[in-house]
Amino acid sequence: MSFLSQSVVAVIPISEADTDFAGGQMPQLGGRALLEYTFRAARESRLVDRLIVSTDSARIAETCKASGIDAPFVRPPELANPNVPITEVLRYTLEWLREHEHTEPDWVAMLSVTYPFRPKGFVDAFIQTVLPEDLDSAFAAIEERHSHWVLREGEQPELVSFGADVAKAHRRPLFRELSGLMSMAKRETILAGNLYGQKLAIIPAHDARSTVNVHDPIGHQFAELLAPRFLENDRVE
Numbered sequence: 582m583s584f585l586s587q588s589v590v591a592v593i594p595i596s597e598a599d600t601d602f603a604g605g606q607m608p609q610l611g612g613r614a615l616l617e618y619t620f621r622a623a624r625e626s627r628l629v630d631r632l633i634v635s636t637d638s639a640r641i642a643e644t645c646k647a648s649g650i651d652a653p654f655v656r657p658p659e660l661a662n663p664n665v666p667i668t669e670v671l672r673y674t675l676e677w678l679r680e681h682e683h684t685e686p687d688w689v690a691m692l693s694v695t696y697p698f699r700p701k702g703f704v705d706a707f708i709q710t711v712l713p714e715d716l717d718s719a720f721a722a723i724e725e726r727h728s729h730w731v732l733r734e735g736e737q738p739e740l741v742s743f744g745a746d747v748a749k750a751h752r753r754p755l756f757r758e759l760s761g762l763m764s765m766a767k768r769e770t771i772l773a774g775n776l777y778g779q780k781l782a783i784i785p786a787h788d789a790r791s792t793v794n795v796h797d798p799i800g801h802q803f804a805e806l807l808a809p810r811f812l813e814n815d816r817v818e
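In our numbering, the protein residues as written are 582 to 818.
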């Protein structure tokens, strides 16, 4: 199968269990709905065949529809628990599409609203990197060469980095997963209850803004500072 013929559905998961969306409210960032940042990044893609908001809130679904955003279903209550793995949310989306619309996309791309800053072309560049390869999944990540430590109560700090006695420039890098920034998995992988499969790839994120997560208190402060300029320079239509 040519990679150009492979279909991709992009899913933006939103849950009322997230305190930012409690009661079906739509949080703001820089005077815009937080969802708008991720929606725009996915909508501009030439390689995404379908863009869906998957939510467990009827109120959020209606708000999305009123804004022209596709939210074709409301997830059942058993998938509203914050402890439910994202794999189950994505699997439900695939099963719903198969049952109600008789469609079976080859790939699912997942983008979280908590990572609002994706540069123009980011989504397509990610997809173009993944599709030609023999992969089950891929996720965005940031490369780090700093020393990392684990703290356990009552124990001495434990070094978990590679080559801590080597100059940073020559260390073997660690990669911090940013699957919410963007990740992709084959339909079969997700339906098997797996988010990664056997063959996975790491797609490094090179724009520091992309690593900002609004769920992190410090990240949220950075996001408020970055949002006005990001909208002006990267997302003005």
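We put the beta carbon where it would ideally sit given N, CA and C, even for glycine.
Pairwise C-alpha distance: residue j and residue i
i    : j    : result
R708 : P700 : The sequence given here has Ile at residue 708, not Arg. I708 and P700: Cα-Cα distance of roughly 14 Å.
L660 : L628 : 29 Å
E685 : T792 : 31 Å
L632 : I593 : 8 Å
T695 : A719 : 19 Å
G800 : M763 : 17 Å
D630 : V704 : 12 Å
P608 : I641 : 11 Å
V589 : H683 : 15 Å
K783 : P738 : The identity of residue 783 in the sequence shown is Ile, whereas the question assumes Lys. C-alpha separation (whole angstroms): 28 Å.
E828 : K767 : Lying before the first or after the last residue shown, residue 828 is absent from the chain, which here runs from 582 to 818.
A622 : S635 : 17 Å
A804 : L781 : 30 Å
Beta-ladder partner(s) of residue i, from DSSP
i    : result
S718 : A766 and L781
L898 : Here the chain has residues from 582 to 818 only, and residue 898 is not among them.
S635 : P594
L807 : Looking at the DSSP assignment, L807 forms no beta bridge with any residue, so it has no partner.
Neighbour-count burial assignment, residue i, 16 or more Cβ in a 10 Å radius
i    : result
L671 : buried
N662 : exposed
E734 : exposed
G702 : exposed
V741 : exposed
P713 : exposed
N530 : Absent from the structure is residue 530, since the part of the chain shown begins at 582 and ends at 818.
D715 : exposed
S586 : exposed
P697 : buried
Reference residue i, options the options, closest by Cα
i    : options                   : result
R624 : P608, G649 and G605       : G649
E676 : Q802, G774, F803 and F720 : G774
D717 : W688, H751 and H681       : W688
P754 : L776, P785 and G778       : P785
I771 : D715, Y673 and T644       : Y673
Y777 : R790, I667, H787 and A804 : I667
D797 : S586, T600 and R679       : T600
E725 : A748, D715, E769 and F756 : F756
E597 : F803, T710, A639 and E680 : A639
F620 : H751, I595, P657 and I723 : I595
A603 : E758, N794, D637 and I723 : D637
S760 : H751, A748, E769 and I723 : I723
Does the pairing of the region 646 to 661 with the region 723 to 734 give three or more beta-carbon distances under 8 Å? Not touching, per the Cβ criterion.
The region 797 to 811 contacting the region 593 to 613, beta-carbon criterion three pairs below 8 Å: yes
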